[in-house]
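Residue numbers (the UniProt record's numbering): 1 to 373.
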């Protein structure tokens, strides 16, 4: 399989061997092609402000590209430059287990190995590094900061996500843990008063609810966390964790989204200031900031998507008719991340077809777009 990238590339984060923005999908490159991973459909990507993490899930090998000025890609003795324009294999401390999950924020990276160990690297002045010490604001290599107890039933990590300055981890039990900036309620309202969580804390997303739920999926926006949850009767709901007035006004729009049992929710994603909910039938519901058409066409009833991903201020969706697959984008595409046809003069929310052919996954980053095909 091939991984394509396009969009913002000022630090080489697209992994194409240069530092120029591009509006056309091109294959990523590896610094050592002889050791490049096979790129099966089990690939995770995580995006920082100007760096990218790539996890080959089959082998647990981790690669990175882009800005490493603050060691967000860890310690790379054999690499002299501050920015990497091709993907290089990243190193964890000796004895670390294979990587199972990744997340990234503005200038930091989070790695979770298959035994539940959490490692962080880069710059994190507001608890993003989860080291418990407010005086240590940078890790120049990946340092182990936490250990999830995999001997406790249900404590296995199934997903890790991050936004600019907060991280959320979903456990098999349906529990959520998080760290980093919390003052906007993105780690639960109970943690908002502290402003910052320097260590992983349990996130209470059931506050004020009649029936307790388990989290099934999670996404992070700039100042909020979005939770897809299910109670013991299998009833679904979409929960917004935030006290940010710009986002809480959309909370009412989310009520009742999980009521249609014949068309259940399958995933949630979030941009910096947008929320996107995808149902089993492929229907997409979006709310939030629409200043650049981030919510897409005003009438999406005829659209059906098999998969989705949100970037900071843009969106990617996979649609298909039989064996014909199409990747469409919309939103703010000033760096080429919405494809070559994007212009500011065209109507907000217009769809741009950027790729046709068999597609396994799409990924949205910080004004960047990625296609695995």
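Built from N, CA and C at the ideal position, the CB exists for glycine as well.
In this text the structure is predicted, and so the values were computed from the model without any measurement.
Query                                                                                                                 : Result
Touching by the beta-carbon criterion (3+ pairs, under 8 angstroms), the region 217-237 and the region 266-275        : yes
Residue-level contact to chain D via CB, residue 187, 8 angstroms cutoff                                              : Checking the listed chains, one finds no chain D in this structure; it contains a single protein chain.
Simplified DSSP state of residue 252, which is helix, strand or coil                                                  : helix
Three-state secondary structure assigned by DSSP to residue 300                                                       : coil
Own chain residues within Cβ distance below 6 angstroms of residue 137, not counting five before or after             : 125
Separation of residue 108 from residue 122, as counted between CA atoms                                               : 4 angstroms
Proximity to residue 35 [Cα-Cα], best of 83, 168, 89 and 4                                                            : 89
Assumed close pair residue 25, residue 6 - CB separation to whole angstroms, cut-off 8 angstroms                      : 5 angstroms
Sequence-distant residues of its chain with Cβ nearer than 7 angstroms to residue 332 (five each side left out)       : 292, 294, 313 and 314
Unbroken stretches of the beta strand (DSSP E), 3 residues or longer, contained in the UniProt repeat "RCC1" (60-115) : 61-67, 83-89, 99-104 and 108-113
DSSP three-state assignment for residue 269, whether helix, strand or coil                                            : strand
DSSP state of residue 198 mapped onto helix, strand, coil                                                             : strand
Rounded separation between residue 68 and residue 130 - CA only                                                       : 19 angstroms
Those runs of the beta strand (DSSP E) which lie wholly inside the region 302-340 and span at least 3 residues        : 307-310, 314-321 and 324-331
DSSP-derived helix/strand/coil call for residue 191                                                                   : helix
Three-state class that DSSP yields for residue 2 in the structure shown                                               : coil
Within 8 angstroms, strictly: CB atoms of residue 144 and residue 169                                                 : no
Own chain residues within Cβ distance below 7 angstroms of residue 152, not counting five before or after             : none
For residue 199 and residue 353, the rounded distance between their alpha carbons                                     : 42 angstroms
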